[in-house]
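Enquirer: Under the working numbering, think of the first position of the sequence shown as 666, with each following residue one higher.
Heads up, the beta-carbon is just placed ideally off N, CA and C, and yes, glycines get one too.
Please read all numbers here as calculations on a predicted model, not as lab measurements.
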Amino acid sequence: MISKPARTIITYGTFDLFHVGHVRLLQRLADLGDRLIVACSTVEFNALKGKTTAVPYADRVEVLQACRYVDQVIPEETWAQKRDDIARLGADLFAMGDDWAGKFDDLRDLCDVLYLPRKENVSTTELKELIQHMPEKSSAE
Ligand code: CTP
666 MISKPARTII TYGTFDLFHV GHVRLLQRLA DLGDRLIVAC STVEFNALKG KTTAVPYADR
726 VEVLQACRYV DQVIPEETWA QKRDDIARLG ADLFAMGDDW AGKFDDLRDL CDVLYLPRKE
786 NVSTTELKEL IQHMPEKSSA E
């Protein structure tokens, strides 16, 4: 019997305040292949993107490593590293949520490129806003 060649998928993101939108994306990506690699944005790279994170880089990596859908976590440090990562790690599919639709089509000469619909009504930005507006616990409690 000829076995199907392994299919490696790679995705990139900050994954701050890990939430169900992240879980659903990683679950759907894991279903598309045999090995899911997640590149997690470092604090310095987030600064370049104009983002600050609530959860430190090492903790975001640890959470991703504990996620059953993820096989490997690497650092995301530059915009330009994707081509090298895809070649070095043998990725067959590059995938992101559709807030990035069309942004990485130039990678199509290296591998398949896919944008999946985001889970609605959840994002790190929304969670941060919700936390900011949570009522203070009364001191009597
Ligand atoms: N993602 C998703 N569904 C959501 C939120 C995020 O599929 N509801 C995906 C994004 O499209 C991206 C990956 O998860 O491919 C990592 O996204 P990230 O930017 O870390 O999460 P967001 O919640 O979008 O964070 P922010 O609000 O800071 O943009």
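Let me know the alpha helix (DSSP H) ranges lying completely inside the region 691 to 725, each 4 residues or longer, listed in chain order.
Expert: 708 to 714
Enquirer: Going by CA-CA distance only, name the one from 757, 700 and 671 that's closest to residue 775.
Expert: Comparing alpha-carbon positions, the option among 757, 700 and 671 lying closest to residue 775 turns out to be 757.
Enquirer: What would DSSP say about residue 762, mapped onto helix, strand or coil?
Expert: strand
Enquirer: Measuring CB atoms only, is the region 721 to 734 touching the region 759 to 776, in the sense that at least three cross pairs come out at less than 8 angstroms?
Expert: no
Enquirer: Can you name the start and end residues of the beta strand (DSSP E) that residue 777 belongs to?
Expert: 777 to 781
Enquirer: Mapping DSSP to helix, strand and coil, what is residue 742?
Expert: coil
Enquirer: Identify whether residue 673 lies in helix, strand or coil by the three-state DSSP scheme.
Expert: In the three-state scheme derived from DSSP, where H, G and I count as helix and E and B as strand, residue 673 is classed as strand.
Enquirer: Let me know if residue 691 comes out buried or exposed under the rule of 16 or more other beta-carbons within 10 Å of its beta-carbon.
Expert: buried
Enquirer: Which whole-angstrom value is the C-beta distance of residue 699 and residue 673, which I expect to be below 8 angstroms?
Expert: Right, their Cβ atoms sit about 7 angstroms apart.
Enquirer: Would you mind sorting residue 668 into buried or exposed? The rule is 16 or more other CB atoms within 10 Å of its CB.
Expert: exposed
Enquirer: Report the residue from 709, 731 and 773 whose alpha carbon sits nearest the alpha carbon of residue 740.
Expert: Measuring from the Cα of residue 740, the nearest candidate turns out to be 709.
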